[in-house]
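K.L.:
This note's numbering numbers the first residue of the sequence shown as 5 and each following residue consecutively. Ideal Cβ placement from N, Cα and C applies to all residues, glycine included.
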Amino acid sequence: MNPAPTKRATGTQAVDRAADLLVQVLNADSPVTFSHLTTTSGLAKGTASRLISALERKGLLQRNNQGEIETGLTLNRFALRSSSMGRLVTRLQPVLDVIGSLTGETASLAVAGIDSVENIAQVDAKFLLSSRNWVGQRVPFHASAAGKVLLAFGVAQIPEGKLEKLTSATIVNKSDLENEIQKVRRSGFAVIIDELEPGLVAVSVPVSNESGTVVAALSVSGPSTRLNQTRINELVKFLKNEVSKLSLPNSIRSNRKKGAA
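Written out as structure tokens, the structure is:
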């Protein structure tokens, strides 16, 4: 008996199942849990786990810090190509290159996602000890410099419910966070020290289009061993100067959240 037809059918079934899982994640308004996917797909846990792992290896899916499943780096990069955010990356990539070259640190561009900061472009640091690759990674608004900028200038709003305390320095009291956001709005920049990860420092400034609407945040990040207060002050001045040279068309808009002030 020729086993080939059975193998082809099995392979097709696996592809169909993997595609179904991927579509479910794409259609979700927020990251989904493994339990949700197994329940809605009707797949056995072992089967679902193997398929999700395969999709993760290809960058089609990934897990966030809470273990929830979301779209991966490959899909996120593809989605940028024809979008407003894609045009934003095209416009700002040369600026990121300059910032990365002159500072030697990790330079990144971020926008507001559904419930977190989404990093959409990056230039890596020249040092071995440096910040990680943030592209495609989602981080909480309240624990990142870019997030505080997006909150301060109305591109996002403080999430409902309890804020996650990622480190001992993370601001989780909402009154304290509101005060911090007001400071960012007045000063035009945000800084985090140890709030997202121990030893990580980041500086961020808003990026606006021609009408003055903030559409993104431009950041520099690195280890606290290099980014002391003097260096932070220098980076703030440098970033503000670089952003002041930009002229972005109004067709580039933010992912402004409903209800954001």
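Taking residue 218 as the reference, which of 80, 159, 70 has the closest Cα?
P.N.:
Within the sequence shown, residue 218 is the residue found at index 214, counting from 1. Nearest of 80, 159, 70 to residue 218, Cα basis: 159.
K.L.:
To the nearest angstrom, how far is the alpha carbon of residue 92 from that of residue 255?
P.N.:
Position 88 of the sequence shown, counted from the start, is the residue given in the question as residue 92. Position 251 of the sequence shown, counted from the start, is the residue given in the question as residue 255. Distance between the alpha carbons of residue 92 and residue 255 is about 10 angstroms.
K.L.:
Whole-angstrom Cβ separation of residue 231 and residue 99, contact assumed at under 8 angstroms?
P.N.:
The residue given as residue 231 occupies position 227 in the sequence shown. The residue given as residue 99 occupies position 95 in the sequence shown. No, residue 231 and residue 99 are not in contact; Cβ-Cβ is about 20 angstroms, not under 8 angstroms.
K.L.:
Indicate whether the contact test is met: 3 or more Cβ pairs, each with one atom in the stretch 228 to 246 and one in the stretch 166 to 180, closer than 8 angstroms.
P.N.:
no
K.L.:
Report yes if the CB atom of residue 21 is closer than 9 angstroms to the CB atom of residue 77, and no otherwise.
P.N.:
The sequence position of residue 21 within the sequence shown is 17, counting from 1. The sequence position of residue 77 within the sequence shown is 73, counting from 1. Not a contact, by the Cβ cut-off of 9 angstroms.
K.L.:
For the stretch 209 to 225 against the stretch 138 to 150, do three or more pairs of beta-carbon atoms, one drawn from each stretch, fall closer than 8 angstroms, so that the two count as touching?
P.N.:
Under the three-pair Cβ rule at 8 angstroms, the stretch 209 to 225 counts as touching the stretch 138 to 150.
K.L.:
Is residue 234 helix, strand or coil by DSSP?
P.N.:
Taking the sequence shown and counting its residues from 1, one reaches residue 234 at position 230. Residue 234 falls in the helix class under three-state DSSP.
K.L.:
In the structure shown, what three-state DSSP assignment does residue 192 receive?
P.N.:
Locating residue 192 in the sequence shown gives position 188, counting from the first residue. When DSSP states are grouped into helix, strand and coil, residue 192 belongs to the coil group.
K.L.:
Between which two residues does the alpha helix (DSSP H) harbouring residue 1 extend?
P.N.:
With the chain covering only 5 through 265, there is no way to say anything about residue 1.
K.L.:
Spell out a yes or no on whether the stretch 123 to 130 and the stretch 177 to 193 are touching, meaning 3 or more CB-CB pairs, one atom from each, closer than 8 angstroms.
P.N.:
no
K.L.:
If I measure Cβ to Cβ from residue 5 and keep anything under 6 angstroms in the same chain, skipping five residues before and after, which residues do I get?
P.N.:
The count along the sequence shown starts at 1 and reaches residue 5 at position 1. Because residue 5 carries a pLDDT of 46, less than 50, the predicted location of this residue cannot be relied on, and no value is offered for it.
K.L.:
Smallest Cα separation from residue 34: which of 53, 57, 71?
P.N.:
The count along the sequence shown starts at 1 and reaches residue 34 at position 30. Looking at the Cα atoms, 71 is the closest of the given residues.
K.L.:
According to DSSP, which residues form a beta bridge with residue 111?
P.N.:
For the purposes of this step, residue 111 is taken as the residue at position 107 of the sequence shown. Paired residue(s): 127, 224.
K.L.:
Relative to the C-alpha of residue 165, which candidate in 157, 156, 176 has its C-alpha closest?
P.N.:
Looking up residue 165 in the sequence shown gives position 161. For residue 165, the nearest C-alpha among the options comes from 176.
K.L.:
Between 113, 106, 207, which lies nearest to residue 96 when the distance is taken from Cα to Cα?
P.N.:
In the sequence shown, counting from the first residue as 1, residue 96 sits at position 92. Nearest C-alpha to residue 96: 113.
K.L.:
Please list the terminal residues of the continuous alpha helix (DSSP H) segment that includes residue 167.
P.N.:
Walking along the sequence shown from the start, residue 167 turns up at place 163. Residue 167 -> no alpha helix (DSSP H), and no H or E assigned at all.
K.L.:
Within a Cβ cutoff of 8 angstroms, which residues of the same chain sit near residue 189, ignoring the five residues on either side of it in sequence?
P.N.:
Stepping through the sequence shown from its first residue, residue 189 is reached at position 185. Cβ within range, chain order: 156, 157.
K.L.:
Just to confirm, are residue 65 and residue 47 a CB contact at a threshold of 9 angstroms?
P.N.:
As a position in the sequence shown, residue 65 is number 61, starting the count at 1. As a position in the sequence shown, residue 47 is number 43, starting the count at 1. No, these two residues do not count as a Cβ contact at 9 angstroms.
K.L.:
Going by other Cβ atoms of all chains shown within 10 Å of its Cβ, with 16 needed for buried, is residue 74 buried or exposed?
P.N.:
Locating residue 74 in the sequence shown gives position 70, where the first residue counts as 1. Buried: at least 16 other Cβ atoms inside 10 Å.
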